[in-house]
Structures are given as C-alpha cells and as structure tokens.
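See below for the structure under consideration.
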Amino acid sequence: MSGHHSSCAWKDQDERRYQSTSSRSKTTSSDYAMEQQYLPKKRAENEDSNHKSRKKAVDCRRSTAAQFFVEEETVQEAVTADRVVQLLRDASLARDDQGKLKNLQTVQELIIKKEPKLLDNFLDEVITFQHDQNPEVRKFALNFIEDACKFDIQILPKVVGNLIILLNDQAVSVQKKVIQTTAKLYTLTIKWLCKVKNVDEVMEATWTWMTQLKHNIFALLESDNEGVRALVVKFMECIVITQTFKDQYSQDDLSLDSIPVILKIFRPRKMEEEAKDIFQRIVDLHGASHVSSYNLMTCMQVLTTIARKRFEFFPKVLQAFESLHANLPPTLSQSQVSSVRKSLKLQLFILVKHPGAVEFHSRISIMLSDLGASPQQINKCFPTIENAKKRSISKDSERDWAKKPKIEDVPIITKADGSQSKPEYFKSKAKDTAIDITAEDLVPKLTPINVADLVLVSMLSLSDTLPAHFQSTYTPIAAAGTEPQVKHLSRLLATQLTLAGLGKGVEEMKAQADNTKLDLSDEDDDFSSKQIQTVVGQTVDPKPKKQALVLMPSGGPPTKSNKYSKRLDFPSVTKPLTDEESDRLCQAAYSRILNAEKSIAKRGAAGIRTKILTTLATQFRDDLATDLKNHILENPRSRLELAFNWIYQEYSAYRGFESSVEGPVELYEETINQLLSGVLENDEQNRILFSRFFIDPPYVTEGMAECLKVICTDEAVTETGLQLAKSMTIRRPTKKLLFLGVISDLTLHENVEIRSKAVNAAVEIHESGNMKSFIEAFALRSLKFLLSDTPSPSNFVFFSQPPLAWSEELTKVCLHLYLALLPINHKLIHDLGTVYVETSADIKRTILRALEAPVKGMSMASPELLRFVEKCPKGAETLVTRIIHILTDKAPPSAELVARVRDLYRKRVPDVRFLIPIINGLTKREVISALPELIKLNPTVVKEVFHRLLGSSFSSPLTPAELLVALHTIDPTKCNLKIVIKATSLCFEEKNVYTQVVLAMVMQQLMEQNPLPILLMRTVIQSLANYPHLLGFVTNILQRLIVKQVWKQKKIWEGFIKCCQRTKPQSFQVLLQLPPPQLQEVLHSCPDLRDPLCQHVETFTDHQKAHISKAVIDVLASFRPKDETDSISDLHSEGINERTGEPLPPGQDHM
C-alpha cells in the first residue's frame, strides 16, 4: 500500500465519512469484509493518477539530488505500509491472542512513531479490532485511539463514536479503559477547541458527542462493579476541576479561565453549574448509607483533591467530612470502619496543610482530636497565620466573574410590564446551609442543664454491654466544655437532625425552596405570554433548527467468518506451502491436540497424547515448546505428570537414548528452568510444587542450583527453598556440594532475614556432622574477605548495589557465618586473631562489637580459648581483652584463665588493661601493685575496675577499706597526686560501699601509717562532709595528730587547720592543746578563729582556766584588747587564779 495520497482524494473521503448516512450501512457484512480486504488496493489506484499528474509538474522544478531523496522517502513509506498490511493480516488470522496483540502493538509502533503519515490510511483497519472477542484486544483499540488523538487531535471526530460504543461493552475492564481514556481526551478536546479560530460543524458535532459520552459515563455511577464506580468518581473529579475557575491557591493547567469568552461552542456559566451539580453528586454518594468502603474512601480522596485545587468547595467538603464522622454507613464491618476512620484522618491532615485552612482551625482540630490525633500533630500540620497572610493574592482573583459589581454597573432588565429588576445572577445567595442554621440555633441551647438532661434521657436506651464498634472507635474528648467543642457538638446534632428532616435549618430551606419555585413559575408564565404575543404579532420569524451533523464511528461493523458461496477449485489454486505456512499449520495442529485434553482422556488415549506432545516439543522446540509450557502452567497441579514426561523426554534426548547421539544439556536445563519459573510466577498455592522439580528429575544441573539460589532470594519461599537445599544434600549425594554452595552463597545475602535463615541452615548441617570442613572453609573464606582493602563485587552478587567500601553492615555480613560456627568449633578462634591483626581500625571495631554473642557460647575452660590467650598474636591484645571481658562479665575468672593472663602480662604485654577482667582472681599484693597504673586509665575504665572490686557479687582480693587505704599509700613518684585524688573521689561516690563505719576504719588505719599519708586530712574532711555524725571521731583524730606533731608535715598541717575551721567550736579544745607557736600560726592564718576561741576561753571556769598554760594565755592575749591582756597577765604572774584568788596547781605557776 502506498503512503502518499492526494489531499483532494482524502478530502472527499472525509466528507463521505461525515455524512449523516453512510454507504457502509447499505452493504452487507460480507461485502464490507471484502471492501476492507481490498481497501488498500483501491486507495492506491485512486491516488495513482492524481499523484502522477502532480509529480510531473513538481519534478521539473526539483534538482536531481532533491528528487533522489524524495524517491527514497517514498520507498521507505511504501515498505512500512507493506509491513503494516502484513501485520494487520497476520493479526486478523491469528488464533493466539498474545500473537495478535504483539502484531497490533507493532502496527501501533510503526504508525504512531515511525510513519505518522500512515495514521489516516490505516485508522479504520486498526479500529476494526474493537469487535474482537478478546477484551485485551479491544483495550488495545482504545489505547490506539488515545495515542492517535494525542498525536493528532483531528482524529477525534472519527473515533468519538467508537468510544460510545465501547462504553457499553460487557467486559468491565473495557469499560474502565474507556473511562480512563475519556478523562484524558476530554481535556485535550477543550484545549483543541479553545485554540481554533473558527468552529465548524464537525467540531460542534465532536463536542456534542463528547458531552453525550460524558453523560453516559455519569450513568455508570449506578454500576454494580465497585471499580467502575470508583473510576466514574475520579472522572467526575476531572470534570469539576476543569469546569470551574481557579482561585488564588490553584496552579492547574486547564480551567474555565482558559476558555475564551467569545467561543460560542462553550457556555462557561453552564459548565460551572454542571461542575457544581457533579460535585453535589459526589457529596451525595459520599454520604449515602449504602456506599461501600472502597467507594467511600475514593470519594474522600476525590473531595480532598477538589478542596485543595478549588477552595470554594472547601467548606462543603469539610461539612461532608463532619457528616461522615457523625454518621458512618451502617453496612460497614468493624475493620472497614477502622480503615475509613484512618482514611478520614489522613484526608483531614492533607486539608489542614492548605493555606486557606486557617479559618477552619477549630473545626478540623476537633475532628482530628476525635479521630485520635494528638495536639502536637495537629499544630504541626496547620500553616501559621503569618504565612497564610503573606501569600499574595493571585491576579486571577481580579477576574470580572469574581469581582463584586458596583451598584451602578449592575445591568437592569425591563420586564414586559415595565418594571425593572436585577438579573438572577446578582441576587444574594442563601446565607448558610440547613446544618449551619440548625447548628447556630442549637449553640445557645446547649447549656449544662440541657446537656445533662440529654445524657440522662439517652441512658435509657443504652445497651447492657459496651458495643465493640464503639470501643474500637471511641477517643477521649480533649477539650470538653470549651466553646469550640460546644460548636462541634452542635454541628454533630444538627447533622443528625437534618438527616432526620428536623430542625430550624430544614424548615427555612423548605420555605426558601417553595419561594424559589413560585418565582420560577411566575417568570415562566411571563416568558410564555410574552412569547405568544410575539408570535401572534409576527415580530419574529422563528428559524427552523439546523439538523446536527452525525459522526460515524470508524472501523465499520464486525466482520464474520469468511464463507464464500463460490466453490473453489483447490487443485488448480493450490501450491506448495512455504516454511512459514508449514510452521503455522503445524502449530495449529499442535494447538488442537493441546486443547483436546478432555476429549482424548475420555477415549483412553491420554498416554499417546502425552507422547506426541512431548516428542514434538523436544524435537521442534520454539513455538511448540512454548505452547506446551503455557498449557502446563495454566493448571500446573493437574498437568504435573505431563511436565515430568516432557522433562524425561528432554533427558532422553540429552543422553541419546532414542537417537544414539547425545544432545546439549542446555536444552534439558532450559526446559526445567522455564517450567520452574512459570510455577513460581503463579499463585502461592502452586509454589509448593517447585520442590518436585528438584526431587523428581533424573538429572540435576548447575543451572538448576543457580535457579534454586534465585528462588531462595524471594522471602516468601526462602524457608522452603533452604529446606529443599538441605534435603538435596542427602537425596543427591553426588550433588551435595552444589546445594551446599547454594546455602553458603546465601549467607552473604544483603537481606538480613534471608542471610539469617541461610546461616541457620548451614549451622544445622554442620551440627549434623555432614560437610563440616566445607562449611568451615567457606566461613573462613568469607572472613578473609576482610583482608582486602576494598570489597570485591564478585563476592557480593546478592547486593542490589555493588559495595565500594567496607561498612559496618558489610563487615557483619562476612562475619555472620563464622561467628555462628565459633561456639561450635572453638578452633576457629585462632583464625579470627590472625585476620584481626591485619584488618583496618573500622573493621576491628566492628569485630569487637560483634563478639559478645558467640563468645558467651564458649567457656573459660575451653582449651582452645586458653591456648589463644596464651599465644596471643602480636596486635590482637585488644581482641583478647574483649574476649576475657565478655567471659568474666557474669562469672568469676577461672584459675587457668588468671594464670595465662598473668603470664601474658608479665612476659609479653605489660599492659595493665589485661588485668582488669581477671582482677578478682589476682592476689591482694598484685592488685595493690597494679593500682598506680590502673587509676591512670580513663575514668570510665577506673570505675569499672572499682566496680569489679567493690560492686560485683564475686569475691574481691581487697575490702573497701583496704582499697581506699591502698590509694592513700601510693607512692607520689609513681602516680600523680591529682590522679590519686580523682580515684579516691570515685570511692567516695560509692556511698553504699563506703559507709560511716568503713570510713572510720579507713581513717583509723591511715592514722597508724608512718609517715602520715598526704591525703589523710582531705579524706577526713570529705568523710565528715558525707557523714556529720563522725564529728566526735574526727575531733579525736585531730587530738591524735597533735601528739604526732602534725605541723611537721606541711600538707597535712594545712589540712589540720582547715579541719579545725570546719569543726569549730568542737575543735577549740584541740587548738588549746597546741603548742603556743603553732597556736599563734593557726590564729594568724585563720582570723575567723581568733574571737570565737577567745570567747570560748572566757566561758571557762577558773578551774578550767587554771589548766591553760601561761604561754597559750599570752598567745590569746596578743589577739585581745590591751586591758583584757593586762588583767590576764597579772593573774598569771602572781600565780593566783583570777576568779577564785587561789594558787594555781603545782607545775602551772611557772608556765
């Protein structure tokens, strides 16, 4: 078929197509079929003459090169057209639906994308397939119509009738496709008509048919199919958005703003009214009591989308959601109610993000609160008022239709009686809906007394048991009694009353509706009388209506089977079959044998049929093998024996049992793989059959093992696949390494669940005693992957993205199987130490974190573990320490472990951190000698050391008192004094351990040290601060320090003075026992002790003062006023007591 046709010929053809009657309708169906068959030839003959005449006139003005390229393009179009003709012929003759669809899709690709000039030529031929029996083919015709109209919208007049025909198709899937296609073409139609300069009768007819198609789709809202109803609602959403004006928040491409006012084919006002009526139908369906949960949630989504894109509908959508919240359909089950409430909550969260939702804050907040949302979630989603105010109003808000007209600009209409009135468009709209009016009327009536009465009355009708529905949906009222909650309650009651036909709002709306009807009837009477007078007066000559153009659908009526009345002379017309024809006939015969399954089985020839099918499929393969595979997979359970007969037939061909020549194993493997993959693609009930394809076949190949490996990557059948692999290691001993490889490779899978199941399977095989060496070797191989600088992609084939660097997760993948085997075979610990030494720091940290679980499965008495500690590789000291830490965390260290760690510490690694895990197993002397180094560690580590010594339930070599005394006696040359102070502070923090009694013992032992520890007085002061009841004991310590001449040790002497300051006045008696020089030093350094001490002495009796030496009195006198000093000095000079006048005791008169 030629691709070039003259414009004149096609213009005549278009005119014939748009005529009100079609010549095709007069022909019989057989004539029409013949016409379709020879249509390409007729077109070519008609165009040939015109083309030749024009070519002569044009060629004379073209150069040679230009003529060459034109001829080449013409040849290319002719080749494409010939191929399209052949594909259409094959599609019409094909019995296989898949082959037919494949040919038609190739036609679509050639016509739409490669040679668009052929679109008009073959439009009828392609759309003829709308009458095919297969719904998928009819859906293809719709898809072709959609793509053709997207490419050239001028095609629409030729195919709009086909859409109306296919909308009445009995297949639900075809109806759904028509609705989806119409939704896309509707907007394209409006855009097309808005761009044209002049609207002709074809365009008007197209719009009329599109409108009819739209109404037909609306009628499907009453369909019995939920999916159809849902798509109709989505289509109605498209209409509402397209046929309304934008607002300041909208950013849609197409709306009524895009339609020119002067375009006569459209009526924007009527389109807007229609959109509002459609919106109301969606709201009515949303509030219907019989609506299903699926359609209800679809309506909710559609209403939310409309409210977001057209803010004028926002209040009505919110009111619809309130009504739904108060009156859920009674037909919903408990789970459906829960789903609807969740969906309602989600839609409200979407609405609340709208910039205009600020004014509805209280209503939305209360509903969200009732649905279980927290105040934080609600406030987080609401846009702030400042942001809402900052949004600049779009220029679209300045449209004439949205402006409020001035009074003087309102047009005045003069009626027939001479009176004047404003048009109906400018009349004020109703203030509120019935629910709003009733709610406003109920608010002042909801007083506490009335509400209490309502509750008491309603309790009479309560059931004895709490309904499950109420229990699952009830949420506590967060803002009970507040004004917003009262308004919300009034709206809920108003919704119930309005639905029942009660309330003030219902009455007012009824009255308003009655008045509107009266006004409309009056206007109709005036208009009819005026029209009659005009006709009688013969002032107007009414013109007859022009007959509308009828568009005929493309494709013509369905063709019937070709039955020629004329008898053909077959011998004269037959000729040898080509290879393609032979293959086609062979395949047709093979298909008939496949489809005759039941009839052959009834006659007892099922075995012969099986042998024929399997032999032919094995011998000729290609399409026959594909047909047999598809036939088996249609019902795998009942045709499983046929599948295994085919597999054994392939094995016989592979082994050469029938032809004595061995064939390639790949064909045998390909057959099993195709059947296996097909079974897995079916439903879950057939998935259990795949195990038989490994158990029953006569031979297992490597490809089958790879296929099983792929099967196990599906989490739904991972467990079954791994169990099969385990059983195959026993069933097929010669192939056990093959299936062990399947399990081992899956231990490196990226998915944690699959990897864990594979590791468990490998461990089970290892514990059973089979193939231990293989599994351990694979685990060691995976561990040694960590020695590489970067991971090799070939080792991680089950990762979606090839790893480029070592991460913590990737390191755990390599360790997973190895660490799972470590508690079973302790010898593996030595390889871990070797690998640990040579890895990077990040990998080492990951290994240390992952060791806890496997090491806990080992024992301290393990000979391999003790040998690993004894022969610790150089650089693996941290690993050994971590292992010992884990082992001694819940149990005391064993003597063997302590001995080996002590030996390692003394001979090889003098790191005191080695001793921390076994510190409870060391002797007292060893712990005390290690203390200077231990307290130099991190404070967290020091705390752990003290916890092991003091807080654990195990026996400790040191008592708390001995530990604190040992800290005080540390040589300052071995450890800084500040570090010792920090260590003692950590001890004082353990108040449960260092009680008042323990600290008294510590101070007693410290007093016995010679020389006195430097930190003695600090410990005394800190003990007194923690336990004030130790004051008497501390005073005794101070007195003993005077005997030990504490002033000879400067640090301790300073602490002594500070302690005296803190223990006054109890320390005054101690100060009076000091020698005069030291007392004078104390009073010089601590002025705050002077006056209190002097006053304390003045309170003494004469007898008490007699026991104070004269030198001490002189020291005190030096810090007193002069008159007091003289009197004290005279008394002592005479040796007479100043109060009693008696002589001083012997020995004190010369002091």
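Under full-length UniProt numbering, think of the first position of the sequence shown as 1, with each following residue one higher. By construction, the Cβ of each residue, glycine as well, lies at the ideal position given by its N, Cα and C atoms.
Closest residue to residue i among the options (Cα-Cα distance)
i: Ile112; options: Val84, Gln485, Lys510, Ser744; result: Val84
i: Glu226; options: Arg882, Phe122, Leu296; result: Leu296
i: Gln248; options: Val1082, Leu101, Pro1028, Glu312; result: Glu312
i: Ala761; options: Gly741, Leu780, Glu750; result: Gly741
i: Gln280; options: Phe218, Ile259, Leu738, Ser333; result: Phe218
i: Val711; options: Lys736, Leu786, Met1017, Ile743; result: Inspection of the sequence shows that residue 711 is occupied by Ile rather than by Val. Selected option, being the one with the closest Cα: Ile743.
i: residue 1167; options: Val1020, Cys987, Val869; result: In the structure as shown, the chain begins at 1 and stops at 1151. Residue 1167 is therefore absent and cannot be evaluated.
i: Ala78; options: Gly857, Gly875, Leu110, Ser92; result: Leu110
i: Leu616; options: Lys1105, Lys102, Gln587; result: Gln587
i: Thr729; options: Val700, Thr718, Lys757, Arg755; result: Val700
i: Ala930; options: Pro910, Lys345, Pro939, Thr940; result: Pro910
i: residue 1157; options: His325, Ser289, Ala357, Ile262; result: Any question about residue 1157 goes unanswered here, given that the chain covers just 1 to 1151.
i: Ile843; options: Lys856, Glu809, Arg867; result: Glu809
i: Lys974; options: Ile928, Gln1005, Leu804, Phe988; result: Ile928
Own chain residues within Cβ distance below 8 Å of residue i, not counting five before or after
i: Glu662; result: Tyr654, Arg655, Gly656
i: Ala783; result: It is worth fixing the name first, because residue 783 is Leu in this sequence and not Ala. The answer, listed in chain order, is Cys814, Leu815, Tyr818, Asp831, Leu832, Val835.
i: Pro1011; result: Gln1049
Residue i, DSSP secondary structure in three states
i: Gln347; result: helix
i: Lys197; result: coil
i: Leu810; result: helix
i: Phe954; result: coil
i: Pro1092; result: helix
i: Tyr425; result: Note that Tyr425 scores 35 on pLDDT, short of 50, meaning its location in the model is unreliable and no value can be drawn from it.
i: Glu226; result: helix
i: His826; result: helix
i: Val540; result: Low per-residue confidence applies at Val540: pLDDT is 40, beneath 50, and the placement is therefore not dependable enough to give any value.
i: Gly1032; result: helix
i: Met771; result: coil
i: Val107; result: helix
i: Met858; result: coil
i: Pro1087; result: helix
i: Leu324; result: helix
i: Arg621; result: coil
i: Thr720; result: helix
i: Lys206; result: Contrary to the premise, residue 206 reads as Thr rather than Lys in this sequence. Note: Thr206 maps to helix in three-state DSSP.
i: Tyr648; result: helix
i: Thr846; result: helix
Cut-off 6 Å between Cβ atoms - residues of its own chain near residue i, not counting five sequence neighbours on either side
i: His286; result: Cys299, Ala320
i: Lys510; result: none
i: Ala94; result: Lys100
i: Ala141; result: Ile127, Phe129, Gln130
i: Lys415; result: Model confidence at Lys415 stands at a pLDDT of 39, short of 50, so the residue's coordinates are unreliable; what they give is reported in the following sentence. Once the five neighbours on either side are set aside, Lys415 has no close Cβ partner at all.
i: Gln336; result: Ser293
i: Thr888; result: Pro917
Contact set for residue i: own chain, Cβ-Cβ below 7 Å, skip 5 residues either direction
i: Val443; result: Val486, Lys487, Ser490
i: Ser173; result: Pro135, Lys139
i: Glu767; result: Ile824
i: Pro873; result: Gly833, Thr834, Val837
Flag this pair as touching only if the region 270–278 and the region 299–308 have three or more C-beta atom pairs under 8 Å; answer yes or no.
no
Okay, do the region 1053–1073 and the region 1090–1100 touch, 3+ Cβ pairs below 8 Å being the bar?
yes
Is the region 177–196 touching the region 160–167, taking contact as three or more C-beta pairs under 8 Å?
yes
Tell me, please, whether the region 888–901 touches the region 913–929 by the rule of three or more beta-carbon pairs shorter than 8 Å.
yes
Taking 8 Å as the threshold, find out whether the region 986–1000 comes into contact with the region 948–965 through three or more Cβ pairs.
yes
With three or more beta-carbon pairs closer than 8 Å as the criterion, would you say the region 491–507 touches the region 433–451?
yes
Within the chosen definition, does the region 109–124 reach the region 150–161 through at least 3 CB pairs nearer than 8 Å?
yes
Segment contact, 8 Å Cβ cut-off, at least three pairs: the region 668–677 with the region 635–651:
yes
Say whether the region 709–725 touches the region 744–753, bearing in mind that this needs 3 or more beta-carbon pairs closer than 8 Å, one atom from each stretch.
yes
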